[in-house]
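Asks: full-length UniProt numbering numbers the first residue of the sequence shown as 1 and each following residue consecutively.
Here it is, the structure in full.
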Amino acid sequence: MRLELIHGLVQLIGHSLGAHLAGFIGKNTKSKLGRIYGLDPAGPCFGAITGSLYPSSKRLAPSDAEEVVTIHTNTALLGIDKPLGRQSVFVEGGSVQPGCKGGGVFKSISALTWDGGDFDTIACSHSRAPNLLTYQHDQTESDDDCQLVA
Numbered sequence: 001m002r003l004e005l006i007h008g009l010v011q012l013i014g015h016s017l018g019a020h021l022a023g024f025i026g027k028n029t030k031s032k033l034g035r036i037y038g039l040d041p042a043g044p045c046f047g048a049i050t051g052s053l054y055p056s057s058k059r060l061a062p063s064d065a066e067e068v069v070t071i072h073t074n075t076a077l078l079g080i081d082k083p084l085g086r087q088s089v090f091v092e093g094g095s096v097q098p099g100c101k102g103g104g105v106f107k108s109i110s111a112l113t114w115d116g117g118d119f120d121t122i123a124c125s126h127s128r129a130p131n132l133l134t135y136q137h138d139q140t141e142s143d144d145d146c147q148l149v150a
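Listed below in structure tokens is the structure:
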């Protein structure tokens, strides 16, 4: 039995490095995928913070699917600080999220120690993008009138 996919209906969701992986999958399919959600696409090693972006052939790009949506939550350290999708949302400015410790690159790096440093200081803002997407999904199937505003 052979499974036939209708590529326009396929949606991929990738967080951090997974966002770029979803882009590579989109680049290498015969037909265009329907949508890719890039959740705080990885910045380190993709040209973020210091320098220009890698070429679009080596990272998530707007042409990787019919619709590419990126949600940026930690451009200060682990995410990428440039819009990579046809639609790019920089939540709370995209740098540091409310309720997360740390205040940018140098403050976050100084918190990373191997003798019991608080990993949440580093990853809190970066991990918000998947939480925001799942929160929005939960709200669309709920009777609750509460809506996500980004």
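Yeah, the Cβ is synthetic: ideal placement off N, Cα and C, and Gly gets one too.
Based on the DSSP secondary-structure assignment, which residues constitute the bridge partners of Ala65?
Replies: DSSP, once it has assigned bridges, lists Leu33 as partnering Ala65.
Asks: Beta carbon of Ile36, beta carbon of Leu21: below 8 Å?
Replies: No, they are not a contact pair.
Asks: Considering Cα atoms alone, identify which of Gly23, Ile6 and His7 is closest to Arg86.
Replies: Nearest C-alpha to Arg86: Gly23.
Asks: Check the DSSP bridge columns for Phe90 and list the partner residues they point to.
Replies: BP columns for Phe90 point to His72.
Asks: Can you name, in chain order, every residue of its own chain whose Cβ lies under 8 Å from the Cβ of Lys32, other than the five neighbours on each side?
Replies: Closer than 8 Å at the Cβ level, and outside the excluded window around Lys32, lie His7, Gly8, Gly26, Ala65 and Glu66.
Asks: Give a yes or no on whether the C-beta atoms belonging to His15 and Leu78 are separated by under 8 Å.
Replies: Cβ atoms of His15 and Leu78: not closer than 8 Å.
Asks: Over what stretch of residues does the beta strand (DSSP E) that includes Ile13 continue unbroken?
Replies: Start and end: Gln11 to His15.
Asks: DSSP three-state label for Leu39, please.
Replies: Leu39 falls in the strand class under three-state DSSP.
Asks: When DSSP labels each residue in this structure, what does Ile122 get in the three-state scheme?
Replies: Helix at Ile122.
Asks: Given this structure, state the Cα-to-Cα distance separating Pro55 from Ile71, to the nearest angstrom.
Replies: Distance between the alpha carbons of Pro55 and Ile71 is about 20 Å.
Asks: Let me know the secondary structure DSSP gives Gly85 once reduced to three states.
Replies: Gly85: coil per DSSP, three-state reduction.
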